[in-house]
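Let me begin by presenting the structure, written as structure tokens, before commenting on it.
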Amino acid sequence: MFPCGPGSPGGDRMAGAGTEEPAPLGEPAAAAGPLPAPLSAPPPPGADAAPPPLSPSRSPRSVRSPSPPSPAARAGEPWLAGAPKSPVAPAPGKPRSPLSPPRRRSGPDCGAGAGPGGPGARLFGWLRERSLGRGLFVDPARDNFRTMTSLYGSIHPADSVYLSTRTHGAVFNLEYSPDGSVLTVACEQTEVLLFDPISSKHIKTLSEAHEDCVNNIRFLDNRLFATCSDDTTIALWDLRKLNNKVCTLHGHTSWVKNIEYDTNTRLLVTSGFDGNVIIWDTNRCTEDGCPHKKFFHTRFLMRMRLTPDCSKMLISTSSGYLLILHDLDLTKSLEVGSYPILRARRTTSSSGVSPRNSLEVLTPKVPGERDRGNCITSLQLHPKGWATLLRCSSNTDDQEWTCVYEFQEGAPVRPVSPRCSLRLTHYIEEANVGRGYIKELCFSPDGRMVSSPHGYGIRLLGFDKQCSELIDCLPKEASPLRVIRSLYSHNDVVLTTKFSPTHCQIASGCLSGRVSLYQPKF
Numbered sequence: 009m010f011p012c013g014p015g016s017p018g019g020d021r022m023a024g025a026g027t028e029e030p031a032p033l034g035e036p037a038a039a040a041g042p043l044p045a046p047l048s049a050p051p052p053p054g055a056d057a058a059p060p061p062l063s064p065s066r067s068p069r070s071v072r073s074p075s076p077p078s079p080a081a082r083a084g085e086p087w088l089a090g091a092p093k094s095p096v097a098p099a100p101g102k103p104r105s106p107l108s109p110p111r112r113r114s115g116p117d118c119g120a121g122a123g124p125g126g127p128g129a130r131l132f133g134w135l136r137e138r139s140l141g142r143g144l145f146v147d148p149a150r151d152n153f154r155t156m157t158s159l160y161g162s163i164h165p166a167d168s169v170y171l172s173t174r175t176h177g178a179v180f181n182l183e184y185s186p187d188g189s190v191l192t193v194a195c196e197q198t199e200v201l202l203f204d205p206i207s208s209k210h211i212k213t214l215s216e217a218h219e220d221c222v223n224n225i226r227f228l229d230n231r232l233f234a235t236c237s238d239d240t241t242i243a244l245w246d247l248r249k250l251n252n253k254v255c256t257l258h259g260h261t262s263w264v265k266n267i268e269y270d271t272n273t274r275l276l277v278t279s280g281f282d283g284n285v286i287i288w289d290t291n292r293c294t295e296d297g298c299p300h301k302k303f304f305h306t307r308f309l310m311r312m313r314l315t316p317d318c319s320k321m322l323i324s325t326s327s328g329y330l331l332i333l334h335d336l337d338l339t340k341s342l343e344v345g346s347y348p349i350l351r352a353r354r355t356t357s358s359s360g361v362s363p364r365n366s367l368e369v370l371t372p373k374v375p376g377e378r379d380r381g382n383c384i385t386s387l388q389l390h391p392k393g394w395a396t397l398l399r400c401s402s403n404t405d406d407q408e409w410t411c412v413y414e415f416q417e418g419a420p421v422r423p424v425s426p427r428c429s430l431r432l433t434h435y436i437e438e439a440n441v442g443r444g445y446i447k448e449l450c451f452s453p454d455g456r457m458v459s460s461p462h463g464y465g466i467r468l469l470g471f472d473k474q475c476s477e478l479i480d481c482l483p484k485e486a487s488p489l490r491v492i493r494s495l496y497s498h499n500d501v502v503l504t505t506k507f508s509p510t511h512c513q514i515a516s517g518c519l520s521g522r523v524s525l526y527q528p529k530f
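For the sequence shown, position 324 matches number 332 in our numbering, and the numbering has no gaps at all.
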């Protein structure tokens, strides 16, 4: 979200970009192919259409994942959350009417059966729905999300509302509180702004929140939030008492760029350009700070994220690697400093089960990259943990891509790595405007849409034209993301965007300091 590399004032340069390392053992090389022509510049502010994305010459091949149950089959199967009921049998001596179809069970069919339409297949489909957190009795708000998606598609650039932030430098990050009542803005010039996103009114300005530019904001709950800065510190704040910080955390030796939070253990996790991932125990927080320890170290670290269930940690690097820590245990430190050691840790135990914090090193496939020398600048997770969202720039900084990778937990075991858990499913080329600045993109709260900075505005992207859930429209091979709506209302390059967790609203911030709120007019 800021200029990439040390030495630029107030900037978030991609430290180490262009530095190449040998690919990890067992990683296949990218297939060579002609590079697609770069996208044309985005339309001027006020335009309501984006240029169509250019498709690469061919889609990268990948392992096919198991197909989800047919939506038609699910629609005709009245699954119940309780135990299956036995079908009603006809009375003895009274045959069933030939015009009446045989009665179906009201729950999952527990009988043994083989074949695509057999009872065993229906039971498997029902269990799969429950394991994915879906189904009538697991996700009753699913129809509401469909309605919300249609509202997003009706937003126009003229519906935007500007917030008065132009005197505070570039906007590097936007974050809503979990209940959607507060919108926080991380600014280049050491300040944090707070707004009421419903009324668009300014609430508070945290002047001199840090001694350098503010990079990231993370809410721990509806009242407590954390900020991090290029001054190497993290600050904790309470919405009920904003005149003073709760405490300041010291531990990093370089710019702090990322904050995550494990709600189960109440552990704060931060990462910075010093290559360190540090754990902070907020259970024992005092005015002097929190107990902390270094959990992980690697070179060229850019971004770090935790999956929603905190079972995995993903780390992106400026040298094109993506590191995944499986079966995450934040109580154990992994002070690792080189990729050969990382590869050595990618081994399974004698029982064939990977240990806690087992590491996987990947070089994600990126369309159009001949040598795959890309830099992963932005990293986000699907709200249900199904996929990861990456923003990648080429090693020559002349192309940018937004890519979606599905997690494959059941992938076959390879000789070198115990897992190959990511598969490229969707991609789109981005306008290469504002080179050197990191653009932060995001998923919608239901995971059906992606909001991505695009030149002087944002694009709302879907996996298909109907904005279906990812699990319902997984392609056999990687396919382009669909542009649902283009919204251009800024006068400078957009660096960050965010969906409201509770309302039909999207926020975006640009390099000149303006924040726009998009919502449909009723």
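Even for Gly, the Cβ is constructed at its ideal location relative to N, Cα and C. Since we're looking at a predicted model, the values are computed, not measured.
Go through its chain and collect everything with a Cβ distance to residue i's Cβ below 6 angstroms, but skip five positions before and after it.
i	result
Y184	L191, S508, P509
K506	L182, C450, A515
N382	G328, V374, C400, S402
P110	Legend: pLDDT at P110 = 45, less than 50; position of this residue unreliable, value from coordinates given subsequently. Closer than 6 angstroms at the Cβ level, and outside the excluded window around P110, lies no residue.
I492	G161, L468, G470
T306	G283
I436	P61, T410, P488, L489
E295	C255
H176	C195, Q197, E199, G521
G188	S508, P509, T510, H511
G442	V501
D220	S237, D238, D239
By the three-class DSSP mapping on this structure, what secondary structure does residue i have?
i	result
H176	helix
T385	strand
D289	strand
D246	strand
D167	helix
S494	strand
T510	coil
I479	helix
G465	strand
G455	coil
G297	strand
Y160	helix
A234	strand
A515	strand
K302	strand
H210	strand
W394	coil
S73	With a pLDDT of only 39 at S73, under the threshold of 50, the placement of this residue in the model should not be trusted, and no figure is reported.
G470	strand
Y329	coil
I436	strand
Between which residues of its own chain and residue i is the CB-CB distance below 7 angstroms, once the five residues before and five after are set aside?
i	result
L247	V190, R231
P528	L159, S162, I163, D167, C512
F233	T192, I225, R226, F227, W245
Roughly how far, in whole angstroms, is the beta-carbon of residue i from the beta-carbon of residue j, given that I think they are within contact range, below 8 angstroms?
i	j	result
H434	A486	7 angstroms
F304	L257	With 8 angstroms as the limit, F304 and L257 do not qualify as a contact, their Cβ atoms being about 17 angstroms apart.
C518	V179	6 angstroms
V169	S524	7 angstroms
E368	I332	4 angstroms
M310	T290	Not confirmed; about 25 angstroms, so no contact.
S494	G465	6 angstroms
Taking all protein chains shown into account, do 16 or more other C-beta atoms lie within 10 angstroms of the C-beta of residue i, making it buried, or fewer, making it exposed?
i	result
E199	buried
L159	exposed
H218	buried
E448	buried
H334	buried
S237	buried
S459	buried
N252	exposed
S452	buried
N365	buried
L482	buried
T271	exposed
E408	buried
Return no unless some Cβ of chain B is closer than 8 angstroms to the Cβ of residue i.
i	result
K392	Given the protein chain composition of this structure (a single chain), no chain B is represented.
Tell me whether residue i, by its Cβ, gets closer than 7 angstroms to a heavy atom of the ligand GTP.
i	result
V491	The model depicted lacks the ligand GTP and carries no ligand whatsoever.
Take residue i and list the residues in its own chain whose beta-carbon comes closer than 8 angstroms to its own, dropping the five residues that flank it on each side.
i	result
S520	R174, A178, H498, N499, D500
L209	Note that residue 209 is Lys in the sequence shown here, rather than Leu. Cβ within range, chain order: F203.
R522	Y170, L171, T173, R174, V179, H498, N499, D500
D317	G393
H300	L257, G259, I286, I287, W288, D289
I211	V190, L202, F203, D204
Exercise for the section: Spell out a yes or no on whether the region 261-270 and the region 279-287 are touching, meaning 3 or more CB-CB pairs, one atom from each, closer than 8 angstroms. Expected result: Contact holds: three or more Cβ-Cβ distances are below 8 angstroms.
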